[in-house]
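> The opening position of the sequence shown corresponds to residue 153 in my numbering, with each subsequent residue numbered one higher.
Next up is a structure, given as structure tokens.
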Amino acid sequence: MTHRGTLGSSPSSSRLLPQLPSTRRGFLAVTGAVGGAAALAACGGATGGGAGGGSDDGGDLQGVGNNGQAGSGRKGDAADQLYIAGFQWSPPTNFNTFAGAPAWPASSNVAQYVYETLLRFDIVTGELLPGLAKEYKTEGTDSVSLTLQDGITWSDGTEFTADDVLYTFELGKIDPSLGIASFWIEADEITADGSTINIAINQDRKNVGSVLTQLAQQFIVPKAVFEKAAEETGNKLATWETTELLGTGPFTLELADQTQIILARNDNYWGKDFYGGLPPMTKIIHPIFKSNEDGNLKFQNGELDVMQQFVPQLWKMWEGGKPVGTYLQDKPYFTPGSMPMLLINTTKPGLDDPAVRKALAHAVDYGSIAETAMSGYSAEVQASLVIPGGAEDAFLDAEKAKADGWSFDAAKAEQLLQDAGYAKGSDGFYAKDGVKLGPWKLITPQGWTDWNAALEIVAKNLQTIGVDAATNFPQQAQVTTSIQNGDFDLACWYVAGTNPSTPWQRFSDVMSNVDMVELGQTAYRNYGRWENGEVNDLLQAAAAAADDAAKKEAIGALDDLYRKEVPAFPLMYRPDEFFEFNATNWSNFPTEENDYAPPMFRGAGNGWIFKLKKIGG
């Protein structure tokens, strides 16, 4: 798989894995190291030059189906509308972006159609592109400064100011239950001097990457609106309910009911000069379906233009003549952006032995998981916590991962167990000193069908090598509690997806020994309670790395320790978001050959919204 240039993705139930949860309950510590260039050029049209998208009534079209086909366009008002799906599965009731489960598009770090962020992350190149800020720069690990764009206004015409930015982050102090409170773990101060925002980095942690992640993921909200909300709720912002949205983005909320959410284009959008024009669609419409199957059928028939949801064997649509496309022309079709892990509870007898954990890693048939559970949408899994083939690729030592890691080899798995002193009993399962390898339950939520299928494969693989294992799929809330409290044996669960602070953040999620909690208490990282005396120093060194070369060296040391200890291991790669389009009415979607924007809905993915071309005139 090739890629362009040098960051809880949703399994088949189409849930979005959290990137920056609105409340601390779902919080994964967002911490990281510096990566990428130190500054952005203050240039307009970051996603490509020229005017915004227009009509295209023939000729050689770009960004169409993987079979090279396109439709002939829709008639009437629908021709000027973009139909999108996969983000909202119930009637919208609340557009408070800080609520526990806000409706699309107010849901945190999803799409910058109404709310926008200061910077925009590109999952393919790892670049941080301009957003509400036209440039940023770092001063080592001491500070980050940003310069705001000129002429930004809220959609009601009122002026956007630096005070809106400062207040958005101050909300983490006003209501410490909010996810934005994590900003103040990594930053000591945020101030403004005119249109320049200055952030002082916590010098005990020096995690510039985590600050950049929040700058690229945190929606900036209007101070005037949220000050009133704080007063109404006694500073309990997560409890505030609203059916209105006021943002700086290119669209406004027009309608939300039980069947759909409609966004209308803001023709006075501040960014039309910066982006080279307004978006060509007058409205974005998100129908609300009851199931994946309903959405998949509408998508196949060209009634949806672009969506984010799991479609088994998507290629059958373009093989059947439909103008359906993906960013990559060949398998795995999607750019990898997340890494579902087999979490291992290292407090359990047997699972506390790294030799057993490495044997389990050798026992798993990753190819079968990729082809069956993931419909071929996963590249070959490597023995590393770095995701290959995208923004993190520069930090992967593939040769070491192959030489010192693991791959599917059942005979090797049994040999490792035997070398460690385990022997099969009369029941066919390995044991040592009275400790039997199992019975262990493999858990993940009921209805997360691709993860369910993956664990069925894992359970069968473990049984084959003499480990007593079986699946169990409770409801999501029960699984979440069990994992956080350490009340599990083995589990398929998520860790940090690709973002400006990964791969550092993922190593922290899996391995950090900072703030370890006892069994029965809620953990937000290192759910397996793996203990090690050297990992925190390695994490700190990686967090404070001053440039990419130093970061790569530090990440390599962490990966070496990871492969030695195997506290968890990946089962598959997944896209950060499933980016699937149907070129019935619109062309010029981003693809590997037409790579002016990444295959994303959030972050830098808003670039393609301005560049689509209407088919049929």
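Where is the CB? At the ideal position from N, CA and C, for every residue including glycine.
On a predicted model such as this, the values are computed, not experimentally measured, just so you know.
Where do the ends of the alpha helix (DSSP H) carrying GLN534 lie?
From DSSP, GLN534 is part of no alpha helix (DSSP H); its letter is neither H nor E.
> Terminal residues of the continuous alpha helix (DSSP H) containing GLU686?
Neither: GLU686 is in no alpha helix (DSSP H) and is coded neither H nor E.
> Does the beta-carbon distance from ASP728 to GLY672 come in below 8 angstroms?
Result no, Cβ atoms of ASP728 and GLY672 do not sit closer than 8 angstroms.
> Alpha carbon to alpha carbon, how far is TRP467 from THR487?
When rounded, the distance between both Cα atoms is 16 angstroms.
> Smallest Cα separation from GLN355: which of GLU683, ALA697 and LEU710?
Of the candidates GLU683, ALA697 and LEU710, the one whose C-alpha sits nearest the C-alpha of GLN355 is ALA697.
> Output needed for ILE761: all residues of its chain with C-beta closer than 6 angstroms, excluding positions within five of it in sequence on either side, in chain order.
Hits under 6 angstroms: PRO431.
> Is THR524 helix, strand or coil by DSSP?
Three-state DSSP puts THR524 in a helix.
> With GLN233 as the anchor, note down where its alpha helix (DSSP H) starts and where it stops.
Where GLN233 is concerned, there is no enclosing alpha helix (DSSP H), although the beta strand (DSSP E) it sits in stretches over 233–237.
> Check this for me: beta carbons of TRP336 and GLY324, under 8 angstroms apart or not?
Against a cut-off of 8 angstroms, the Cβ pair of GLY324 and TRP336 comes out as a contact.
> Return yes when the Cβ of PRO719 is within less than 8 angstroms of the Cβ of MET668, no when it is not.
No, Cβ-Cβ distance for MET668 and PRO719 is not below 8 angstroms.
> Does GLU311 come out as helix, strand or coil in the three-state DSSP assignment?
Here GLU311 sits in strand by DSSP.
> Cβ of VAL647 within 8 angstroms of Cβ of MET493?
In contact: VAL647 and MET493 (Cβ atoms closer than 8 angstroms).
> Which residue or residues does DSSP assign as beta-bridge partners of ASN624?
In DSSP, ASN624 forms a bridge with ILE595.
> Is TRP558 helix, strand or coil by DSSP?
It is coil, neither helix nor strand.
> Taking the alpha-carbon positions, what's the GLY638 to ALA622 distance?
C-alpha separation (whole angstroms): 18 angstroms.
> Quick check on the DSSP output: the alpha helix (DSSP H) that includes THR385 runs from which residue to which?
375–385 is the span of the alpha helix (DSSP H), which, as asked, contains THR385.
> Work out the CA separation of PRO402 and ASN420 for me, nearest whole Å.
Each residue's Cα considered, the two are about 8 angstroms apart.
> Specify, as a first and last residue, the run of the alpha helix (DSSP H) that GLU279 falls within.
That residue, GLU279, is in no alpha helix (DSSP H); it is neither H nor E in DSSP.
> Closer than 8 angstroms, CB to CB, is VAL363 near chain C or not?
Looking for chain C here will not work: only one protein chain is present.
> Give me the Cα-Cα distance between ASP620 and TYR582, rounded to the nearest whole angstrom.
Rounded to whole angstroms, ASP620 to TYR582 spans 8 angstroms at the Cα level.
> Ordered along the chain, which non-local residues of its own chain (more than five positions away) have a Cβ less than 6 angstroms from that of PRO257?
So the list reads ALA263, TYR265 and VAL266, once near-sequence residues are dropped.
> Mind reading off the beta-carbon distance from THR269 to SER653? Whole number of angstroms is fine, and I expect it under 8 angstroms.
The pair is not a contact, with the Cβ atoms about 15 angstroms apart (cut-off 8 angstroms).
> Quick check on ASP482: does DSSP put it in helix, strand or coil?
Of the three classes helix, strand and coil, the one that applies to ASP482 here is coil, per DSSP.
> For the stretch 293–378, list the beta strand (DSSP E) runs that are entirely contained and at least 3 residues long, ordered along the chain.
As far as the stretch 293–378 is concerned, its whole beta strand (DSSP E) runs of at least 3 residues are 295–300, 339–345 and 348–353.
> Does the distance from the CB of GLU707 to the CB of VAL538 come in under 8 angstroms?
In the sequence as presented, Glu is not what sits at residue 707; that position holds Ile. Against a cut-off of 8 angstroms, the Cβ pair of VAL538 and ILE707 comes out as a contact.
> Do three or more CB pairs link the stretch 557–573 to the stretch 502–517 at distances below 8 angstroms?
Enough Cβ pairs lie closer than 8 angstroms, so yes.
> Under three-state DSSP, which class holds ALA701?
Of the three classes helix, strand and coil, the one that applies to ALA701 here is helix, per DSSP.
> Would you decide whether SER334 is buried or exposed? Buried here means 16 or more other CB atoms lie within 10 Å of its CB.
Result: buried.
> Between PRO626 and PRO597, is the Cβ-Cβ spacing less than 8 angstroms?
Taking 8 angstroms as the Cβ cut-off, PRO626 and PRO597 qualify as a contacting pair.
> By Cβ distance, which residues of its chain are closer than 7 angstroms to GLU311, with the 5 residues on each side in sequence left out?
So the list reads THR305, once near-sequence residues are dropped.
> Taking the straight line between their C-alpha atoms, what separation do you get for ASP308 and GLN452?
Spanning the two alpha carbons is a distance of roughly 37 angstroms.
> Can the beta-carbon of ALA368 be found closer than 8 angstroms to that of LEU284?
Cβ distance not < 8 angstroms, so ALA368 and LEU284 don't count as in contact.
> Would you kindly check if the distance between the Cβ of ARG715 and the Cβ of ASP556 is under 8 angstroms?
Going by C-beta atoms, ASP556 is nearer than 8 angstroms to ARG715.
> When you compare the stretch 737–748 with the stretch 517–534, are there three or more beta-carbon pairs, one atom per stretch, that lie closer than 8 angstroms?
With a cut-off of 8 angstroms, the stretch 517–534 and the stretch 737–748 do not count as touching, because too few Cβ pairs lie within range.
> Going by DSSP, which residues form a beta bridge with GLY477?
DSSP lists PHE733 as partners of GLY477.
> Please name the residue, chosen from ALA749, TYR676 and VAL610, that lies closest to GLN657 on a Cα-to-Cα basis.
The candidate whose alpha carbon is nearest that of GLN657 is TYR676.
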